[in-house]
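**Q** Numbering (our numbering), first residue to last: 46 to 250.
Even for Gly, the Cβ is constructed at its ideal location relative to N, Cα and C.
1. Rounding to the nearest angstrom, what Cα-Cα distance links residue 141 and residue 164 in this structure?
2. Run the proximity test for residue 103: is its beta-carbon closer than 7 Å to any non-hydrogen atom belonging to the ligand NAD?
3. Kindly list the residues whose CB is nearer than 8 Å to the CB of residue 236, restricted to its own chain and excluding five residues on each side of it in sequence; keep chain order.
4. May I ask you to report which of helix, strand or coil DSSP gives residue 60?
5. State buried or exposed for residue 210, treating a residue as buried only when at least 16 other CB atoms are found within 10 Å of its CB.
6. Can you tell me where the alpha helix (DSSP H) holding residue 109 begins and where it ends?
7. If we ignore side chains and look at the alpha-carbon of each, how far apart do residue 102 and residue 81 end up?
8. How do the segment 68-80 and the segment 196-208 stand: do at least 3 beta-carbon pairs fall below 8 Å, yes or no?
9. Can you tell me whether residue 164 is helix, strand or coil according to DSSP?
10. Whole-angstrom Cβ separation of residue 98 and residue 161, contact assumed at under 8 Å?
11. With 16 other CB atoms within 10 Å as the buried threshold, where does residue 183 fall?
12. Please check the pair residue 127 and residue 166, which I expect to be a contact at CB under 8 Å, by giving their CB distance rounded to whole angstroms.
13. What does a CB cutoff of less than 6 Å around residue 94 pick up in its chain, not counting 5 residues either side in sequence?
14. Terminal residues of the continuous alpha helix (DSSP H) containing residue 213?
15. Spatial neighbours of residue 195 within its chain, please: C-beta separation below 7 Å, excluding the five flanking residues on both sides.
16. Quick check on the DSSP output: the alpha helix (DSSP H) that includes residue 30 runs from which residue to which?
17. Give the range of the alpha helix (DSSP H) segment to which residue 81 is assigned.
18. May I have the straight-line CA-CA distance separating residue 108 from residue 57, to the nearest angstrom?
19. What do you reckon, are the CB atoms on residue 130 and residue 242 nearer than 8 Å?
20. I think residue 171 touches residue 106, with their Cβ atoms under 8 Å apart; what is that distance to the nearest whole Å?
21. With distance defined between alpha-carbon atoms, name the residue in 191, 123, 239 and 119 nearest to residue 55.
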């Protein structure tokens, strides 16, 4: 086990870098924020879903699937456009329906699955983990195990941060539970997701 756990200096550097990256706003934070305003449980389930997506990217990096995406342009493009289309879909749903309606009939499991999808269907995250984790995992026979351990730590920190976002946004529920604000929330969240989807679609590798 001691061979798997990085030394304290490496671990401290890794956690510092991970926290800085997790705090950077992105589609994960936007999704959890909007779900949290909608319903506390939905927000927390979304946070857990995103964290599960992080674990999937970690497993992919450890197994070399991320390297395959980088080496196979067609595979990368396929996953890229599927992810972009899903973000645009979320945006359109938010604008046209009650995707983020402030009611008590939200299905938390749906929020969890969509949280997983928002994170997992982003090939840039896969490539990021491929580049990020090995820098701290090092080499040798325990490198893969260390990569998995570091990925799990990243997922735990992600879950803690996004759960805080979900709880904080849910506390604003009473303040924002008006038809006018709900409409603005739906249009705002929808526009952000569409913009993110288009950015992923037209962005380079």
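**A** So, to answer that:
1. Counting from 1 along the chain shown, the entry for residue 141 is found at position 96. Counting from 1 along the chain shown, the entry for residue 164 is found at position 119. Rounded to whole angstroms, residue 141 to residue 164 spans 23 Å at the Cα level.
2. In terms of ligand content, the structure shown is empty, and the ligand NAD therefore cannot be addressed.
3. What you label residue 236 is simply residue 191 of the chain shown in a count that begins at 1. 136 and 140, listed in sequence order.
4. Numbered from 1 along the chain shown, position 15 holds the residue referred to as residue 60. In this structure, residue 60 counts as helix in the three-state DSSP scheme.
5. Residue numbering aside, residue 210 sits at position 165 when the chain shown is read from its first letter. Label assigned to residue 210: buried.
6. For the purposes of this step, residue 109 is identified with residue 64 of the chain shown, where counting begins at 1. Segment: none, residue 109 is in no alpha helix (DSSP H) and carries neither H nor E.
7. For the purposes of this step, residue 102 is taken as residue 57 along the chain shown, with counting starting at 1. For the purposes of this step, residue 81 is taken as residue 36 along the chain shown, with counting starting at 1. Here the C-alpha atom of residue 102 lies approximately 24 Å from the C-alpha atom of residue 81.
8. In short, these stretches touch, since the Cβ pair count reaches three.
9. Working through the chain shown from its first residue, we reach residue 164 at position 119. Annotated three-state conformation of residue 164 is helix, per DSSP.
10. Looking up residue 98 in the chain shown gives position 53. Looking up residue 161 in the chain shown gives position 116. With a Cβ gap of about 5 Å, residue 98 and residue 161 count as contacting.
11. Position 138 of the chain shown holds residue 183. Exposed, by the Cβ-count rule.
12. As a working mapping, residue 127 is identified with position 82 in the chain shown. As a working mapping, residue 166 is identified with position 121 in the chain shown. Contact holds; Cβ gap of about 6 Å.
13. If you number the chain shown from 1, residue 94 lands on position 49. Within the same chain, residue 94 has close Cβ partners 157, 160 and 161.
14. Looking up residue 213 in the chain shown gives position 168. Per DSSP, the unbroken alpha helix (DSSP H) holding residue 213 starts and ends at 188-216.
15. For this step, residue 195 is matched to residue 150 along the chain shown. If we look at residue 195 and ignore the five residues flanking it on each side, its Cβ neighbours are 59, 178, 181 and 182.
16. Outside the shown range of the chain (46 to 250) lies residue 30, about which nothing can therefore be said.
17. Along the chain shown, one-based indexing puts residue 81 at 36. Here the alpha helix (DSSP H) through residue 81 covers 72-83.
18. Position 63 of the chain shown, counting from 1, holds the residue named residue 108. Position 12 of the chain shown, counting from 1, holds the residue named residue 57. Each residue's Cα considered, the two are about 25 Å apart.
19. In the chain shown, the residue the question calls residue 130 occupies position 85. In the chain shown, the residue the question calls residue 242 occupies position 197. Yes. Within cutoff.
20. For the purposes of this step, residue 171 is identified with residue 126 of the chain shown, where counting begins at 1. For the purposes of this step, residue 106 is identified with residue 61 of the chain shown, where counting begins at 1. Here residue 171 really is in contact with residue 106; their C-beta atoms are around 7 Å apart, less than 8 Å.
21. The residue labelled residue 55 in the question sits at position 10 within the chain shown. Closest by alpha carbon: 191.
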